[in-house]
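Structure first, then comments.
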Amino acid sequence: MAATLSLSPLVLATPTSTNLVNQHEPRTKNMSKDSPPIATLKNCKTLDEVKQLHCQVLKRGQNRDTSYAAKVISTCVEMGTFESLKYAQKAFDVFKNDSETSGTLFMYNFLIRGYSSVGLGEEAILLYLELVGFGLFPDKFTFPFVLSACAKSLACSEGAQVHGAIVKMGFEGDLFIANSLIHFYGECGEIDYGRKVFDEMSERNVVSWTSLICGCARRDKPKEAVDLFFHMVEEGVRPNSVTMVCVISACAKLQDLELSERVCAYIDESEMKVNTLMVNALVDMYMKCGAVDTVKRFLDECEDRDLVLCNTVMSNYVRLGLAREALSVLDKMLLHGPRPDRVTMLSAISASAQLGDLLCGRWCHGYVLRIGLEGFIRNGDVESAWGVFEEMPEKDLVSWNTVLGAYMQESMFEEAIELFRVMEREGITADRVTMVAVASACAYLGALDVAKWIYTYIKKSEIHCDMQLETALVDMFARCGDPQSAMQVFNKMEKRDLSAWTAAIGAMATKGNGEQALELFNKMLKQGMKPDAVVFVGVLTACSHGGLVEQGWQLFRSMKEVHGISPQIVHYGCMVDLLGRAGLLGEALDFIKSMPMEPNDVIWGSFLAACRTHKNVDMATYAAERITETSPEKTGRMDQCCKSEAEHEGEREMTRISSMLHEMNCRLRDAGHVPDLNNVLLDVDQYKAKDAHPCS
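Just so you know, the sequence shown maps onto residues 24 to 719 in the numbering used here.
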């Protein structure tokens with residue numbers, strides 16, 4: 024840690040009876056007859072659903088209900104993401120900072136556990152200090168979470184002080200706390216302290232033994248780790264897979280084949296199930312002990328070879344000077360998987376050097392460049408990716424597709440189209456992966472002439488159109504304002520998934536063909552296709568542009584009632600647009616005020632546009648004020664919109680369709696509709712051995 028955190032207030036603290044009352048569970052003293060339903064939170068599967076329910080509670084002024092606040096926090100922590108943890112902290116701060124409420128130990132424990140589980144050890148320790156500062160006393164659940172945080176952040180001094188508090192409060196006899204202490208000292212390299220805790224335990228379980236064994240194995244005490252293992256077995260404690268991985272790695276460090284065989288004999292005799300981690304550890308152990316034939320036999324019999332296993336075998340072959348054997352592993356990886364990474368290729372380059380094989384070395388170098396290219400892309404560094412691409416001695420189709428994927432990932436759609444033109448000029452034959460990316464780029468640009476050129480290119484080049492490419496073409500024509508071509512492609516599709524139906528419905532939605540869009544939606548349902556949140560954006564938009572108010576209401580209500588989909592803010596935006604276009608401004612405003620989440624500037628902007636269309640100055644002023652409150656930076660944009668009233672009717676008509684398409688695109692993007700470009704970044708099939716590589 025950057026700085027030592029002082030824990031002296033805790034070490035000096037002495038618990039009193041008043042502090043320890045009802046700290047372990049959420050307090051219910053603030054609950055009323057109108058308390059929010061905690062059971063509803065249990066049904067929440069996403070953070071958005073939790074936020075909606077919590078927002079309703081806050082609007083009803085029930086934010087002081089301790090049990091509900093605790094449940095919101097625990098639900099978010101259980102989701103285990105940084106975003107959900109951030110919201111849990113926000114909910115906790117709102118509750119804690121209220122003058123009539125305060126955080127409970129239950130809430131603190133969950134938050135400390137959450138921060139520790141995602142690796143934010145310092146934040147967990149700071150919460151622990153805050154807990155103590157507020158006069159709360161940790162319990163047997165708090166200490167394991169705090170010690171885990173100290174272990175992960177290597178806060179050794181702080182963890183030692185926590186140990187002092189444990190002793191002072193009389194928790195040193197607790198099995199789970201003692202196990203946490205052993206693990207903590209093992210991570211900090213203080214094995215002797217961990218052994219002292221272990222020796223003083225009146226009761227031990229498999230976690231106790233495993234924590235100490237793993238600590239010894241990782242901290243250059245492999246002999247002690249193996250001795251402890253056999254002692255554990257003598258005591259009648261059955262080891263688990265974690266124990267075995269640590270013991271096997273200890274044998275590898277000792278390079279003692281006889282001892283290794285004894286450990287393997289135990290695995291056979293005890294009929295222990297061998298998992299992938301154990302397999303990888305066993306291979307490394309036999310390699311370190313020089314039992315190469317055993318490893319070869321083991322590898323040939325292994326059906327599920329993962330990347331770690333292959334890399335372990337290759338690096339050990341290179342270490343032993345068995346270069347050809349190392350390259351044979353690479354050959355099998357390229358044929359059957361797993362896909363090689365940088366570690367694999369470092370071993371392959373070393374093997375090439377041992378053999379003096381320049382051609383193989385160059386091929387490996389090119390492959391490494393390709394991996395580096397993808398690494399820059401994943402980090403969003405397109406400029407560096409392009410630099411690597413230009414340095415590549417041979418640019419194959421996979422490399423071109425990878426750069427295309429990078430442009431798509433960074434929303435550089437014009438650059439993607441231009442790169443495709445360069446490919447064509449240089450005589451690179453595109454495939455379906457290329458065309459999915461190009462069609463998706465064209466869709467975002469809304470360039471109909473380019474869309475027709477792309478479609479013609481696919482037909483002339485006789486590129487196989489699978490469902491993914493056909494869906495991309497439907498989406499492309501839909502977003503370019505050509506629903507007729509979109510439906511022609513859609514109607515020819517032999518198979519259709521939800522994305523294809525969504526694209527087709529979207530094609531109808533923005534051209535005023537609301538009834539046709541609804542017909543498609545109903546046909547989709549009859550074919551047993553389960554709708555998602557994205558397709559509802561399409562049908563609600565269709566209702567909006569088609570003036571189908573009643574049908575829009577029915578669809579909106581059916582989302583939750585029939586299909587179990589909680590409407591997102593984008594769906595509420597569609598309804599506001601629907602009501603606004605129909606001139607139902609009062610109903611639209613009431614709808615906005617009843618929303619379970621705070622309306623954003625997009626919602627108010629849609630309402631403002633409707634007010635301007637129907638010339639309701641008072642409501643327009645109200646909407647403009649709300650936009651200023653929610654998003655002050657949009658004020659200038661509003662002024663510009665007001666000036667546009669002076670434009671000629673003809674100019675407005677020319678931009679109307681373009682605006683509708685842009686609106687539809689934005690809504691679909693907000694709902695999560697993004698073309699599947701995973702295959703653009705890498706098509707694994709192209710790495711298989713249809714094209715022989717020089718290392719085989």
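The beta-carbon is built from N, C-alpha and C at its ideal position, and this holds for glycine as well. Nothing here was measured: the structure is a model prediction, and the numbers come from that model.
Nearest to residue 202 by C-alpha distance, out of 179, 233, 183, is 233. In this structure, 195 is the residue among 195, 403, 482, 240 with its C-alpha nearest to the C-alpha of residue 224. Taken in chain order, the unbroken stretches of alpha helix (DSSP H) that lie wholly in the region 71 to 115 and span 4 residues or more are 89 to 102.
Taking residue 92 as reference, the option from 127, 72, 69 with the minimal CA-CA separation is 127. Taken through DSSP and simplified to helix, strand or coil, residue 174 comes out as helix.
Residue 418 and residue 398 have their C-alpha atoms roughly 17 Å apart. Along the length of the region 234 to 264, whole alpha helix (DSSP H) runs at least 4 residues long occupy 245 to 257, reported in chain order. Taking a 10 Å sphere around the C-beta of residue 263, we find fewer than 16 other C-beta atoms and assign the residue as exposed. Pairing residue 599 with residue 615 gives a Cβ-Cβ distance under 8 Å. Per the coordinates, the alpha-carbon of residue 204 lies some 17 Å from the alpha-carbon of residue 140.
Here DSSP, grouped into helix, strand and coil, assigns residue 352 to helix.
For residue 106, same chain residues with a beta-carbon under 7 Å away, outside a window of 5 residues either side, are 70 in chain order.
Counting only the Cα atoms, residue 517 lies some 13 Å from residue 487. The alpha-carbon separation between residue 548 and residue 554 amounts to approximately 8 Å.
Remark: three or more beta-carbon pairs, one from each stretch, lie closer than 8 Å, so the region 386 to 394 and the region 357 to 372 are flagged as touching.
Residue state for residue 470 is assigned as coil, using DSSP reduced to three classes. In this structure, residue 531 sits near residue 540, with a CB-CB distance shorter than 8 Å. Under the three-state reduction of DSSP output, residue 66 falls in the coil class, being neither helix nor strand. Residue environment: residue 94 is assigned as buried (16 or more neighbouring CB atoms within 10 Å of its CB, all protein chains considered). Annotated as proximal: residue 620 and residue 78, with beta-carbon spacing under 8 Å. 99 is the residue among 89, 217, 606, 99 whose C-alpha sits nearest the C-alpha of residue 65. Residue burial is scored here from C-beta neighbours: residue 235 has at least 16 other C-beta atoms within 10 angstroms and is therefore classed as buried. The Cβ atoms of residue 527 and residue 497 lie closer than 8 Å to each other.
Of 303, 125, 187, 215, the smallest CA-CA separation from residue 158 is found for 125. With contacts defined by Cβ atoms closer than 8 Å, residue 370 and residue 384 do not form a contacting pair. The three-state secondary structure of residue 487, taken from DSSP, is coil.
Taken through DSSP and simplified to helix, strand or coil, residue 607 comes out as coil.
Annotation for residue 628: the continuous alpha helix (DSSP H) segment containing it runs 624 to 636. A residue is called buried when at least 16 other Cβ atoms come within 10 angstroms of its Cβ; residue 450 does not meet this threshold and is exposed. Residue state for residue 650 is assigned as helix, using DSSP reduced to three classes. The alpha-carbon separation between residue 305 and residue 215 amounts to approximately 28 Å. By a beta-carbon distance limit of 8 Å, residue 627 contacts residue 646. Their separation comes to about 5 Å. Taking the Cα of residue 592 as reference, the smallest distance to any Cα among 145, 623, 448 is reached at 623. DSSP places residue 618 in the coil class of the three-state scheme, outside both helix and strand.
Counting of Cβ neighbours within 10 angstroms places residue 454 among the buried residues, the total reaching 16 or more.
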